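Read through the structure below, which is laid out as structure tokens, and then see the notes.
2 protein chains.
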Amino acid sequence: MRIAVLGTGVVGRTIATRLAGLGHQVGMGSRTADNATAAAWVQQTGAGSTHGTFAEVVGDAELVFNCTSGAGSLDAVRGVGAGNLAGKVLVDVANPLDHSHGMPPTLLVCNTDSLAEQLQRELPETKVVKALNTMSALVMVEPGRVPGQHDVFLCGDDDAAKAMVGEILRSFGWPDRSIVDLGQISAARGPEMYLALWLRLYGALGTGDFNIGVAHR
Amino acid sequence: MRIAVLGTGVVGRTIATRLAGLGHQVGMGSRTADNATAAAWVQQTGAGSTHGTFAEVVGDAELVFNCTSGAGSLDAVRGVGAGNLAGKVLVDVANPLDHSHGMPPTLLVCNTDSLAEQLQRELPETKVVKALNTMSALVMVEPGRVPGQHDVFLCGDDDAAKAMVGEILRSFGWPDRSIVDLGQISAARGPEMYLALWLRLYGALGTGDFNIGVAHR
Chain G
347 MRIAVLGTGV VGRTIATRLA GLGHQVGMGS RTADNATAAA WVQQTGAGST HGTFAEVVGD
407 AELVFNCTSG AGSLDAVRGV GAGNLAGKVL VDVANPLDHS HGMPPTLLVC NTDSLAEQLQ
467 RELPETKVVK ALNTMSALVM VEPGRVPGQH DVFLCGDDDA AKAMVGEILR SFGWPDRSIV
527 DLGQISAARG PEMYLALWLR LYGALGTGDF NIGVAHR
Chain W
347 MRIAVLGTGV VGRTIATRLA GLGHQVGMGS RTADNATAAA WVQQTGAGST HGTFAEVVGD
407 AELVFNCTSG AGSLDAVRGV GAGNLAGKVL VDVANPLDHS HGMPPTLLVC NTDSLAEQLQ
467 RELPETKVVK ALNTMSALVM VEPGRVPGQH DVFLCGDDDA AKAMVGEILR SFGWPDRSIV
527 DLGQISAARG PEMYLALWLR LYGALGTGDF NIGVAHR
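Chains as they are written, first to last, in our numbering: chain G, 347 to 563; chain W, 347 to 563.
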């Protein structure tokens, strides 16, 4: 599949590398066409991988991962343009972290709205799916590094888009029973606001190699 | 132990009944001295149980559970008075739910503050411990009804108070490894904001008999 990954940070590089390893044609996007991190990633990853501006890598991709920082995500997709993202599936992995109040960070948007809903409103013809934002990058693409049963949440307004993202998650190693559909895109407030708990668990455990699982009868 | 339970709703009654069953002297408090629900609870529970106003049941209790609705918790403790709660441990089980935006509810306070922090500021000489707010009432007092490993979070500024609450949690059936200390009272933003995810999981699962567990290496 042709997949665009927006963002060159740890999350973007980790997801892009995993997708390329699974045989996908991955384009890594950044604000500028000559981003050194993206160029180095292409060099390491080899044939089939490309890099360019956000708009260039979105090009004819079927699937787009938003791995930009949450504070910059709306600007990033505005740079691409709603028309260029129309009809595509956008997996929103970002968290709208606000570092202006000290540590741990707070959220720029929450409670009565979420970043995923903001993106969906900005891109009405794009199928936004919130997923994977509730764990560290390595756990996203290799769930087996955390022992025991633990889960990944997804939500969005389009069932076919969620099914496509579910396929990608299975290819990352997530078993069916660990992929929890929370419903419409407004449900993204749940996994985004969970970040406040994730940050305290990270502090208490001293490692990012953890995740939550839902126990139920 | 002499324990006051503030609130006559499902959470208050469930916790009060469990505590009475464990042999504690439990007083159930409400806004008025003649609350019919509290009177019926005393009738069912028998010797050792009492009911009265919030201030009356706090009396000489060593431990106080705040099981009032989150929207009314500050008023409830103001009614008791900071002086009457000085030196006591207050377990804050409440969630500051805001039903004015429709379903599912949002939060009255979050992100840069929490109900538990508001209570601690209102009651500077009380040892506030946030705990148990992340699950339905029956799971709080009988964790074994949900199979598998799942956890209860607590936080607060006073270690001795957290140890006392930890003892109560163990007596409810929580194993040591499932009692997760998140740190200071400001960490209550984590479990309180998790409610946004809990509400979507409740919707997706169709049962309150669930809880999350933290998987880690």
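Every residue gets a Cβ at the ideal spot worked out from N, C-alpha and C, and that includes glycine. No experiment lies behind these values; they were computed from the predicted model shown.
L461 (chain G) carries a helical assignment under DSSP once its states are collapsed to helix, strand and coil.
Under the Cβ distance rule, A507 (chain W) does not count among the residues neighbouring chain G, no pair being separated by less than 8 Å.
Ranked by how close their Cα comes to the Cα of A462 (chain G), the residues G:Q495, G:G418 and G:R563 have G:G418 in first place. For V492 (chain G), there is no enclosing alpha helix (DSSP H), as DSSP gives it neither H nor E.
Runs of alpha helix (DSSP H) with 4 or more residues, each lying fully within the stretch 473-531 of chain G, are found at 483-487 and 505-518, listed in chain order. The contact set of H496 (chain G) on chain W, defined by CB atoms closer than 7 Å, consists of A561 in chain order.
N412 (chain W) is bridged by DSSP to W:L352 and W:D438.
Scanning its chain for C-beta atoms nearer than 6 Å, with the 5 sequence neighbours on each side dropped, one finds around T396 (chain W) the residues G373, in chain order. The beta carbons of G398 (chain G) and A379 (chain G) sit closer together than 8 Å.
Between the C-alpha atoms of L478 (chain W) and D438 (chain G) there is a straight-line separation of about 31 Å. For V403 (chain G), the three-state secondary structure derived from DSSP is helix. In this structure, V526 (chain W) lies away from A561 (chain G), with their beta-carbon atoms at least 8 Å apart.
One thing to note: T472 (chain W) has its Cβ no nearer than 8 Å to the Cβ of L528 (chain W). Judged by DSSP secondary structure, M374 (chain G) falls within the beta strand (DSSP E) whose first and last residues are Q371 to S376. Under a 10 Å Cβ-count criterion, T458 (chain W) is classified as exposed, with fewer than 16 other Cβ atoms of the shown protein chains found around its own Cβ. Taking the Cα positions, M510 (chain W) is about 43 Å away from T360 (chain G). If you draw a straight line from the Cα of P451 (chain W) to the Cα of G502 (chain G), it comes to about 19 Å. Around the Cβ of P442 (chain G), a 10 Å sphere holds 16 or more other Cβ atoms; the residue is buried. A Cβ of chain W is located within less than 8 Å of the beta carbon of I558 (chain G). Relative to C413 (chain G), the option among G:D497, G:Q389 and G:L465 whose CA is nearest is G:L465. Not a single CB atom of chain W sits nearer than 8 Å to the CB of Y548 (chain G). Legend: CB atoms of the stretch 391-416 of chain W lying less than 7 Å from CB atoms of chain G are not found in any residue. Residues of chain G with a Cβ closer than 7 Å to the Cβ of A533 (chain W) are, in chain order, R546. In its chain, beyond the 5 residues on either side, P442, L461 and Q464 have a beta carbon closer than 7 Å to the beta carbon of V455 (chain G). Of all residues in the stretch 426-457 of chain G, only H447, T452, L453, C456 and N457 place a beta-carbon less than 8 Å from a beta-carbon of chain W. When the Cα atoms are used, S532 (chain G) and L368 (chain W) turn out to be separated by approximately 42 Å. T354 (chain G) is positioned such that its CB atom lies closer than 8 Å to that of S376 (chain G).
Between G536 (chain W) and R546 (chain G) the beta-carbon gap is near 4 Å, inside 8 Å, which marks them as a contact. Distance from the CA atom of P470 (chain W) to the CA atom of A428 (chain W), rounded to whole angstroms, is 8 Å.
The three-state reading of DSSP puts A561 (chain G) in strand, counting E and B together. Looking from the CA of L453 (chain W), the closest CA among W:M347, W:W544 and W:I558 belongs to W:W544.
G:L551 is the residue among G:V410, G:L551, G:L365 and G:S517 whose C-alpha sits nearest the C-alpha of R523 (chain W). DSSP places S419 (chain W) in the uninterrupted alpha helix (DSSP H) bounded by S419 to V426. Straight-line spacing of the CA atoms in W520 (chain W) and Y548 (chain W) works out to 22 Å. Residue-level contact check: M539 (chain W) touches chain G, since one or more beta carbons of chain G fall below 8 Å from its beta carbon.
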